[in-house]
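Be aware that the sequence shown starts at 29, since it is given in the numbering used here, and climbs by one per residue.
C-beta: ideal position from N, C-alpha, C; glycine also.
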Amino acid sequence: MTPLRSGIVWAILGPILVLGFIIGRYTVATSSQLGVSVVRERDPRYKYIQKLLGCSLDSTRAASLQKLHDQVSDIIAQEKRAGLTNAGFYFRSVNTGAWTGVNEDARFTPASLLKVDVMIAAYKLAESDPGFLQRPVKFAIGRDLNQEEVFKPVSQLKAGSTYTIGDLITAMIVHSDNNAMAVLDAMIGPATLQKTFDDLQLRIHQEDGAQKSTSPQSYSLTLRVLYNATYLSREMSNQALALLSRADFNYGIKQAIPSSIEVAEKFGERSVIDSRSGRVFSRELHDCGLVYYPDHPYLLCVMTEGPDFNELLATIREISAAAYNFVDGTPFRTSCATQSLPEH
């Protein structure tokens, strides 16, 4: 074969061979209808993530999710007639970027949802300090910060005992332990925590000079950067979601989903009560998580406000059921085909 002909053959076959190597390791999602082009790394070592390598996403609402949008709109309207004060809903196909929402920009107090961001800040420190998570800490607290919670930790750390920072993170995420969070806050420091919020563009606002607020759509970025492994390393992102999948709050999103499907989630609660009369002015309950539906994982974030936690839980469960039934009953899901190609 002449050098000229050899060069032409390589020019044709070279990109094909390279493409064959690439698609053997990655998951590709494309849809001309949604304007989606996504390339993700597929690595069996990391169960809970699919690292985002490159994408071009249409940020507009997906018309294919209109039915779900309408169903949730009806649920919220019905619950408001029954006493619900406010609710926000955000749904996103994490592999394609297709999304829909109802009041997705409405602001709520994140409460314990921020524990996920504290974990991210701690894991970011651990990336530059390998011994950080194993550092021993003598657990000492003053006032029990779990005492006023309605959904209390089923297991609490013991004052005077020594734990590692990794142990504190586990207690904070799996059991939603406020005392563990307070110790971690002090160890991480306000500057590092604020940098994490700024880096993630959480748009957490100050209200009335004290209370922070965010929205379902804004908060979803916290879970998206973990699933995409775009802020923390693959190892730390996967570890964070593994902890969230162990969270022992089983009353919200999880309650409407078969137990065989894993959910990496975090809830948050807040009550505004008159300290003298005990009168409840308002309650907030939120649940945000990644639902690992086979071949089509999705992100769901529901934030609610009203006078009664049981009613708020019912709203979250009903919306979660609507989202699950939509995904489960839609043959092509969001009109965006996800192709998982075999390993080479």
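Taking the CB atoms as reference points, tell me whether Ser204 and Pro181 lie closer together than 8 Å.
Within the sequence shown, numbered from 1, the residue matching residue 204 stands at position 176. Within the sequence shown, numbered from 1, the residue matching residue 181 stands at position 153. Between Ser204 and Pro181, the CB-CB gap stays under 8 Å.
Measure from the alpha carbon of Gln245 to the alpha carbon of each residue in Ser101, Glu132, Ala91 and Arg109, then state which is nearest.
As a first step, residue 245 is located in the sequence shown; it is residue number 217 there, counting from the start. For Gln245, the nearest C-alpha among the options comes from Glu132.
Buried versus exposed call for Thr190 [16 or more other C-beta atoms within 10 Å across all chains shown]
Numbered from its first residue, the sequence shown carries residue 190 at position 162. Flag for Thr190 reads exposed.
Complete runs of the beta strand (DSSP E) confined to the region 262 to 334 [at least 3 residues]:
291 to 301, 308 to 319 and 326 to 334
What's the C-alpha gap between Phe49 and Leu318?
One-based indexing of the sequence shown puts residue 49 at position 21. One-based indexing of the sequence shown puts residue 318 at position 290. For Phe49, the predicted structure reports a pLDDT of 34, less than 50, and the residue's modelled location is therefore unreliable. A value from the coordinates is still provided. If I take the Cα positions, the gap works out to 30 Å.
Return helix, strand or coil for Arg73, following the three-state DSSP convention.
If you number the sequence shown from 1, residue 73 lands on position 45. DSSP places Arg73 in coil when its eight states are reduced to three.
Of the residues Glu297, Asn256 and Ile301, which one's Cα is nearest the Cα of Glu177?
In the sequence shown, residue 177 corresponds to position 149, counting from 1. Taking only the C-alpha atoms, the option nearest Glu177 is Glu297.
Would you say the beta carbon of Ser273 is closer than 7 Å to some non-hydrogen atom of the ligand FAD?
Absent from the structure shown: the ligand FAD. Ligands present: none.
Helix or strand or just coil, what does DSSP make of Thr250?
The sequence position of residue 250 within the sequence shown is 222, counting from 1. If DSSP states are grouped into helix, strand and coil, Thr250 belongs with the helices.
Please classify Asp227: does DSSP put it in a helix, a strand, or coil?
Counting from 1 along the sequence shown, the entry for residue 227 is found at position 199. Under the three-state reduction of DSSP, Asp227 is assigned to helix.
Alpha carbon to alpha carbon, what distance is there between Ala187 and Arg109?
The residue you call residue 109 lines up with position 81 of the sequence shown. The residue you call residue 187 lines up with position 159 of the sequence shown. Cα-Cα distance, rounded: 46 Å.
Straight-line Cα distance separating Asp227 from Leu260
Counted from its first residue, the sequence shown places residue 260 at position 232. Counted from its first residue, the sequence shown places residue 227 at position 199. Roughly 11 Å separates the two Cα atoms.
What does Gly129 pair with, by DSSP beta-bridge criteria?
Counting from 1 along the sequence shown, the entry for residue 129 is found at position 101. In the DSSP output, where bridge partners are listed per residue, Gly129 has Tyr118.
Taking its Cβ as the centre, do 16 or more other Cβ atoms sit within 10 Å of Asn206, making it buried, or is it exposed?
Sequence index remark: in the sequence shown, residue 206 carries index 178 (1-based). Classification for Asn206: buried.
The region 128 to 144 in contact with the region 310 to 327 per 3-pair CB rule at 8 Å:
yes
Determine the closest residue to Phe337 out of Thr250, Ala168, Leu254 and Tyr279, with distance taken between C-alpha atoms.
Counting from 1 along the sequence shown, the entry for residue 337 is found at position 309. Nearest C-alpha to Phe337: Tyr279.
Let's test the definition: count the other Cβ atoms within 10 Å of the Cβ of Ala214 and tell me whether it reaches 16, buried, or not, exposed.
For the purposes of this step, residue 214 is taken as the residue at position 186 of the sequence shown. Under this definition Ala214 is an exposed residue.
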